[in-house]
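Each remark here refers to the structure printed beneath this line.
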Amino acid sequence: MEAVATVDFLVYGSLACRDEVSFQSLLLLLEKARFRVMDVNLRTPYFGPEKIHKLLAYADFVKMNAEELHVISDWNGATEAYTDQQRVDLIMARFAIQEAIVTYGADGAVYHYKKDNISYHFPALKVQVEDTIGSGDSFLAAFLTKRFQMQEGVQLEEVLEFAATLSGFVTQSRGACPEYNNEVINRFQWLHPIFNGGQKQQ
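Note that the sequence shown covers residues 95 to 296 in my numbering.
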């Protein structure tokens, strides 16, 4: 329990809260964590607004897909007229979330940063799809790895490019956890460059 307070960030998902004991245990961990990253996993019938909202209240950073964005924002008063940007703004304001990523599958992802009031769209790599299981998890893992190097001079574009590259590699591989090392990923990135980078939106 005490070790949680010593790590850079704690990643947690809503799917782990199907059991009440697990849910209460997670809440205790979240109280200790320095930076909390929620990976939303809405799987019928294991979710509802009460528990999801409680977990969001702890989050500093949230990752969700477009469908999950719509479900959660609808719970909080969004209408069909809302754009995705407005839906994200609604959730981030409601739960005091500082950063969010919304993934759109083959259409890439959008990173939202409340402090600088920016939204940054980054495309997905165009690869031959072999297995999409694990692609979202790998994107988040790669993003967070580089995100916490930004204070050392790593740029946001590098963070997003690395996340898109690792996610693309997993997508074109069989299984959620294919073997790789830095050399493999560097070569894959060289073979699948993202020439135009992302698009920053104010």
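The beta-carbon is built from N, C-alpha and C at its ideal position, and this holds for glycine as well.
Per DSSP, the bridge partner or partners of residue i
i, result
"Met95", "DSSP lists no partner for Met95."
"His286", "According to DSSP, His286 bridges with nothing at all."
"His206", "Ala194 and Ser213"
"Asp133", "Gly107 and Lys157"
Alpha-carbon to alpha-carbon, residue j and residue i
i, j, result
"Gln293", "Val134", "Interpretation of Gln293 is limited by its pLDDT of 47, a score under 50 that renders its predicted location unreliable; no figure is taken from the coordinates."
"Asn290", "Gln249", "At Asn290 the pLDDT is 49, less than 50, meaning the model places this residue with poor confidence; the figure from the coordinates comes in the next sentence. Cα-Cα distance, rounded: 15 Å."
"Val182", "Asp210", "15 Å"
"Glu96", "Ala127", "9 Å"
"Glu114", "Pro287", "45 Å"
"Pro143", "Ile166", "8 Å"
"Val253", "Ala235", "11 Å"
"Ala172", "Asn275", "43 Å"
"Thr100", "Arg241", "18 Å"
"Arg130", "Ala200", "27 Å"
"Val264", "Pro272", "7 Å"
"Gln116", "Tyr140", "Gln is not the amino acid found at residue 116; the sequence shown has Ser there. Their backbone Cα atoms lie some 13 Å apart in a straight line."
"Arg281", "Phe103", "29 Å"
"Phe233", "Gln283", "14 Å"
"Val98", "Leu238", "17 Å"
"Tyr176", "Met186", "15 Å"
"Ala151", "Ile191", "8 Å"
"Gln296", "His206", "Residue placement at Gln296 is flagged as unreliable, the pLDDT there being 44, under the threshold of 50; the coordinate-derived value follows with that caveat. Going by the C-alpha atoms only, they are around 10 Å apart."
"Glu277", "Thr259", "13 Å"
"Phe216", "Glu255", "8 Å"
"Leu163", "Gln180", "11 Å"
"Gln243", "Lys208", "19 Å"
"Phe189", "Ala218", "28 Å"
"Ser213", "Gln118", "33 Å"
"Arg168", "Thr138", "Contrary to the premise, residue 168 reads as Asp rather than Arg in this sequence. Answer to the nearest angstrom: the Cα atoms are 17 Å apart."
Run of the beta strand (DSSP E) containing residue i, from where it starts to where it stops
i, result
"Gly107", "Leu104 to Gly107"
"Met186", "Looking at the DSSP string, Met186 is not in any beta strand (DSSP E); the run it does join, the alpha helix (DSSP H), is Asp178 to Phe189."
Residue i: first and last residue of the uninterrupted alpha helix (DSSP H) it sits in
i, result
"Phe233", "Ser229 to Arg241"
"Gln118", "Glu114 to Lys126"
"Ser261", "Leu250 to Thr265"
"Pro139", "Segment: none, Pro139 is in no alpha helix (DSSP H) and carries neither H nor E."
Kindly confirm or deny that the region 192-212 and the region 143-157 touch, where touching means at least three C-beta pairs closer than 8 Å. Judged by Cβ distances under 8 Å, the region 192-212 makes contact with the region 143-157, as three or more pairs qualify.
Looking at C-beta atoms only, is the number of pairs between the region 101-118 and the region 130-146 that lie closer than 8 Å three or more? Judged by pairs of C-beta atoms under 8 Å, the region 101-118 touches the region 130-146, as three or more such pairs exist.
Taking 8 Å as the threshold, find out whether the region 159-172 comes into contact with the region 114-129 through three or more Cβ pairs. Short answer: they don't touch.
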